[in-house]
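Residue numbers (this note's numbering): 181 to 313.
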(Lines of atoms letter the chains of each structure in order from A and count residues from 1; the text may use other names and numbers.)
(Lines give C-alpha, C1' and ligand atoms only; values in the text may rest on other atoms or scores of the structure.)
Protein backbone atom coordinates (compact mmCIF):
# COMPACT_ATOMS: atom_id res chain seq x y z
CA UNK A 1 0.00 0.00 0.00
CA UNK A 2 2.97 2.35 0.41
CA UNK A 3 3.31 2.40 -3.37
CA UNK A 4 -0.09 4.12 -3.63
CA UNK A 5 1.23 7.02 -1.55
CA UNK A 6 4.84 7.21 -2.69
CA UNK A 7 4.61 5.65 -6.15
CA UNK A 8 5.35 8.78 -8.15
CA UNK A 9 8.43 9.66 -6.09
CA UNK A 10 9.65 6.03 -6.26
CA UNK A 11 9.30 6.07 -10.04
CA UNK A 12 10.94 9.49 -10.38
CA UNK A 13 13.88 8.41 -8.22
CA UNK A 14 14.30 5.15 -10.13
CA UNK A 15 14.12 6.90 -13.52
CA UNK A 16 16.79 9.41 -12.52
CA UNK A 17 19.13 6.74 -11.11
CA UNK A 18 19.00 4.34 -14.09
CA UNK A 19 18.94 6.99 -16.83
CA UNK A 20 17.36 5.50 -19.95
CA UNK A 21 17.33 1.81 -18.93
CA UNK A 22 14.51 -0.56 -17.90
CA UNK A 23 14.00 -1.10 -14.16
CA UNK A 24 11.77 -3.11 -11.84
CA UNK A 25 9.36 -1.88 -9.19
CA UNK A 26 7.63 -3.88 -6.47
CA UNK A 27 4.10 -2.45 -6.31
CA UNK A 28 0.71 -3.47 -4.93
CA UNK A 29 0.24 -5.32 -8.24
CA UNK A 30 3.44 -7.31 -7.81
CA UNK A 31 6.80 -7.08 -9.53
CA UNK A 32 6.55 -4.71 -12.52
CA UNK A 33 9.09 -3.88 -15.21
CA UNK A 34 9.16 -0.23 -16.28
CA UNK A 35 10.48 0.47 -19.77
CA UNK A 36 11.71 3.85 -21.00
CA UNK A 37 9.54 5.56 -23.63
CA UNK A 38 12.03 4.70 -26.40
CA UNK A 39 10.82 1.07 -26.21
CA UNK A 40 7.16 1.95 -26.84
CA UNK A 41 7.19 1.64 -30.62
CA UNK A 42 9.20 -1.60 -30.69
CA UNK A 43 6.93 -3.44 -28.20
CA UNK A 44 3.52 -2.06 -29.16
CA UNK A 45 2.54 -5.08 -31.28
CA UNK A 46 4.24 -7.71 -29.12
CA UNK A 47 1.60 -10.41 -28.56
CA UNK A 48 3.10 -11.56 -25.26
CA UNK A 49 2.62 -8.07 -23.79
CA UNK A 50 -1.16 -7.89 -23.64
CA UNK A 51 -2.35 -4.83 -21.72
CA UNK A 52 -5.98 -5.91 -22.05
CA UNK A 53 -5.31 -9.32 -20.49
CA UNK A 54 -3.41 -7.66 -17.65
CA UNK A 55 -6.26 -5.22 -16.90
CA UNK A 56 -8.84 -7.98 -17.21
CA UNK A 57 -7.02 -10.15 -14.66
CA UNK A 58 -5.96 -7.33 -12.35
CA UNK A 59 -9.46 -5.83 -12.16
CA UNK A 60 -11.18 -9.20 -11.54
CA UNK A 61 -13.60 -9.11 -14.48
CA UNK A 62 -15.12 -12.44 -13.38
CA UNK A 63 -16.60 -10.93 -10.20
CA UNK A 64 -20.12 -9.50 -10.41
CA UNK A 65 -19.97 -5.78 -11.11
CA UNK A 66 -16.50 -5.90 -12.65
CA UNK A 67 -17.54 -7.51 -15.95
CA UNK A 68 -16.97 -4.32 -18.01
CA UNK A 69 -13.21 -4.71 -17.50
CA UNK A 70 -13.45 -7.81 -19.69
CA UNK A 71 -14.14 -5.58 -22.71
CA UNK A 72 -10.57 -4.26 -22.55
CA UNK A 73 -9.38 -7.67 -23.82
CA UNK A 74 -12.28 -8.42 -26.21
CA UNK A 75 -11.21 -9.71 -29.65
CA UNK A 76 -13.09 -6.95 -31.47
CA UNK A 77 -11.22 -4.28 -29.47
CA UNK A 78 -14.50 -2.42 -29.21
CA UNK A 79 -13.42 -0.36 -26.19
CA UNK A 80 -10.16 0.73 -27.81
CA UNK A 81 -11.92 1.63 -31.07
CA UNK A 82 -14.57 3.71 -29.31
CA UNK A 83 -11.91 5.51 -27.26
CA UNK A 84 -9.68 6.19 -30.27
CA UNK A 85 -12.26 7.06 -32.88
CA UNK A 86 -15.40 8.38 -31.22
CA UNK A 87 -14.67 9.44 -27.64
CA UNK A 88 -11.45 11.30 -28.35
CA UNK A 89 -13.14 13.30 -31.12
CA UNK A 90 -15.92 14.50 -28.80
CA UNK A 91 -14.01 14.72 -25.51
CA UNK A 92 -14.14 18.52 -25.32
CA UNK A 93 -17.92 18.49 -25.74
CA UNK A 94 -18.65 15.93 -23.01
CA UNK A 95 -16.19 16.87 -20.25
CA UNK A 96 -18.13 19.76 -18.70
CA UNK A 97 -21.62 18.17 -18.92
CA UNK A 98 -20.23 14.92 -17.54
CA UNK A 99 -18.65 16.78 -14.62
CA UNK A 100 -21.92 18.58 -13.87
CA UNK A 101 -23.93 15.35 -14.08
CA UNK A 102 -21.47 13.57 -11.78
CA UNK A 103 -21.65 16.37 -9.21
CA UNK A 104 -25.45 16.35 -9.38
CA UNK A 105 -25.64 12.55 -8.98
CA UNK A 106 -23.17 12.51 -6.08
CA UNK A 107 -25.08 15.29 -4.32
CA UNK A 108 -28.41 13.55 -4.98
CA UNK A 109 -27.18 10.17 -3.69
CA UNK A 110 -24.92 11.25 -0.82
CA UNK A 111 -26.31 14.68 0.00
CA UNK A 112 -24.30 17.74 0.76
CA UNK A 113 -22.61 17.97 4.12
CA UNK A 114 -22.49 21.49 5.59
CA UNK A 115 -18.96 20.83 6.87
CA UNK A 116 -17.40 20.14 3.47
CA UNK A 117 -15.50 22.47 1.20
CA UNK A 118 -13.92 22.10 -2.23
CA UNK A 119 -10.45 20.55 -2.35
CA UNK A 120 -7.94 21.11 -5.12
CA UNK A 121 -5.71 18.09 -5.74
CA UNK A 122 -2.10 18.79 -6.63
CA UNK A 123 0.87 16.59 -7.43
CA UNK A 124 2.12 17.18 -3.87
CA UNK A 125 -1.07 16.04 -2.20
CA UNK A 126 -1.36 12.73 -0.38
CA UNK A 127 -3.80 11.33 -2.96
CA UNK A 128 -2.64 8.34 -5.00
CA UNK A 129 -1.23 9.28 -8.42
CA UNK A 130 -4.15 7.54 -10.18
CA UNK A 131 -6.55 10.12 -8.74
CA UNK A 132 -4.48 13.09 -9.91
CA UNK A 133 -5.41 12.92 -13.58
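Beta carbons: idealized from backbone N, C-alpha and C, even for Gly.
The structure presented is a predicted model; accordingly, all values stated were derived computationally and were not measured.
Applying the criterion that 16 or more other CB atoms from any shown protein chain within 10 Å of the CB defines a buried residue, is residue i buried or exposed?
i	result
residue 252	buried
residue 199	exposed
residue 249	buried
residue 313	Confidence at residue 313 is low in this model, with a pLDDT of 45, below 50, so its placement is unreliable and the value that follows should be read with caution. The residue in question, residue 313, is exposed, as its Cβ has fewer than 16 Cβ neighbours within 10 Å.
residue 185	exposed
Within this structure, are the beta carbons of residue i and residue j separated by less than 8 Å?
i	j	result
residue 232	residue 207	no
residue 202	residue 214	yes
residue 240	residue 234	no
residue 218	residue 212	no
Contact criterion: CB-CB distance below 8 Å. Does residue i meet it with respect to chain B?
i	result
residue 204	The displayed structure is made up of one protein chain only, and chain B is not part of it.
CB-CB under 8 Å to residue i, same chain, minus the five flanking residues each way: which ones, in chain order?
i	result
residue 223	215, 229
Could you please give me the residues that DSSP links to residue i through a beta bridge?
i	result
residue 190	Bridge partners of residue 190: none, in fact.
residue 207	210
Quick one: residues in its chain with C-beta nearer than 7 Å to the C-beta of residue i, no 5 flanking neighbours on either side, listed in chain order?
i	result
residue 259	251, 252
Only counting the same chain, and skipping five residues up and downstream in sequence, which positions put a Cβ closer than 6 Å to that of residue i?
i	result
residue 183	207, 208
(request) Please specify which runs of the alpha helix (DSSP H), each continuous and at least 4 residues long, are wholly inside the segment 221-267, giving them in chain order. (result) 231-238, 258-261
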